[in-house]
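**Student:** Taking my numbering, the leading residue of the sequence shown gets 60, the next gets one more, and so forth. Glycine included, every Cβ here is placed at the ideal spot set by N, Cα and C. For reference, the structure I am asking about is given below.
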Amino acid sequence: MAKVNGEKNIPNALIAAGIDPATFKTLDLLEVGAGVGTVTPYLSDMFASVHALEPSPSMMAVLAKDPVAARDNVTYSQHPVTPSTGAEFATPLLSPTPADRTRKVVPPRAQFDVAICTLVVHHVDDFGPFFAGVLSLLKPGGIFVAIEFRRDDDGKDLSKQYHLEVAPHLTPVSDDNAVLPDDNHFRTAYSHESLGALFKKNGYVDVGATDVDGCQAFGYDGRKAVPAIAAWGRKPQ
């Protein structure tokens, strides 16, 4: 998954959004929903710095043990994304290590040039607070890119297909106005229009979307890459 997402999808999405690839190494990036750090090494290679943000204690415990966590240009916080997150980034946040699970560290900066999330949006329970939180962590003019499941060329909902293959008890939700009640629900696949609409609704400008190379969903178990899209929007200047 990391190779497909990191080496192709993310730079292609940023280029489509109008960012000169020659500037990537000058940009400070926020990885939203970093999970266990699968994509983080590729982001670290690509950008000036990466701050990995992940709310799950179990996933953060894995990321904190990964060699990527020790890279000079990588920092991380175990913290949710809410409208108050921008202000909270000026305070010490939980940043556990294998030796100190209660360690707290002030993130290196409160605003970023770019924020990226990979196969995260379909898990977001409430879009308003989530998109507002990311917006608060961007510099004016900063860009947020979300890579998500789409439908295949025959119209099949690949979010639904892949989630239910792995966990048949899960419930798909297609209404983007709905708040997911718990972790047993997930959102169905997006189109350019529907994913872009979330950015527009939540205060982003210069919104766009494009198809990107597939993502190997749910790990390294040999599944072929599934079609994906990237949508983006900028924080107003």
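When every heavy atom of the ligand MN is checked, does at least one fall within less than 8 Å of the C-beta of P70?
**Tutor:** Among the ligands in the structure shown, none appear at all, so the ligand MN cannot be discussed.
**Student:** Any idea if Q296 is buried or exposed, counting beta-carbon neighbours within 10 angstroms, 16 or more meaning buried?
**Tutor:** So Q296 counts as exposed.
**Student:** Using the C-alpha atoms, what's the distance from P167 back to D131?
**Tutor:** Their Cα atoms are separated by approximately 12 Å.
**Student:** Using 10 angstroms around the beta-carbon of R209, count the other beta-carbons present and answer buried if the total reaches 16, otherwise exposed.
**Tutor:** Burial call: buried.
**Student:** Between A111 and G92, what straight-line distance do the alpha-carbon atoms span, to the nearest angstrom?
**Tutor:** For A111 and G92, the distance between alpha carbons rounds to 7 Å.
**Student:** Just how far apart, CA to CA, sit Y249 and S218?
**Tutor:** C-alpha separation (whole angstroms): 9 Å.
**Student:** How many Å lie between G224 and V285 at the Cα?
**Tutor:** As written in the sequence, residue 224 is Glu, which differs from the Gly given in the question. Distance between the alpha carbons of E224 and V285 is about 13 Å.
**Student:** Let me confirm a value: I74 is counted as buried when at least 16 other C-beta atoms fall within 10 Å, else exposed. Which label applies?
**Tutor:** Counting Cβ neighbours within 10 Å, I74 comes out exposed, since fewer than 16 surround it.
**Student:** Please classify S103 as buried or exposed, where buried requires at least 16 other C-beta atoms within 10 Å of its C-beta.
**Tutor:** Under this definition S103 is a buried residue.
**Student:** Exposed or buried, what is T82 when buried is set at 16 or more other beta-carbons lying within 10 Å of its beta-carbon?
**Tutor:** Answer is exposed; the Cβ neighbour count stays below 16.
**Student:** Just list the beta strand (DSSP E) runs in the region 183-259, keeping only unbroken ones of 3 residues or longer that don't cross its boundaries, in chain order.
**Tutor:** Correct list: 197-208, 230-232 and 244-246.
**Student:** List the whole-angstrom C-beta distance separating A174 from F203, where the pair is believed to meet the contact cut-off of C-beta under 8 Å.
**Tutor:** At roughly 4 Å, the Cβ-Cβ gap stays under 8 Å, so A174 and F203 are in contact.
**Student:** With DSSP as the reference, label C263 as helix, strand or coil.
**Tutor:** Per the sequence shown, the amino acid found at residue 263 is Tyr instead of Cys. If DSSP states are grouped into helix, strand and coil, Y263 belongs with coil.
**Student:** Hey, could you find the ends of the beta strand (DSSP E) G292 is sitting in?
**Tutor:** Taken as a continuous stretch (DSSP letters only), the beta strand (DSSP E) holding G292 covers V285 to R293.
**Student:** Is the separation between the beta-carbon of T144 and that of L153 shorter than 9 Å?
**Tutor:** No, the pair does not count as a contact, with Cβ atoms beyond the cut-off.
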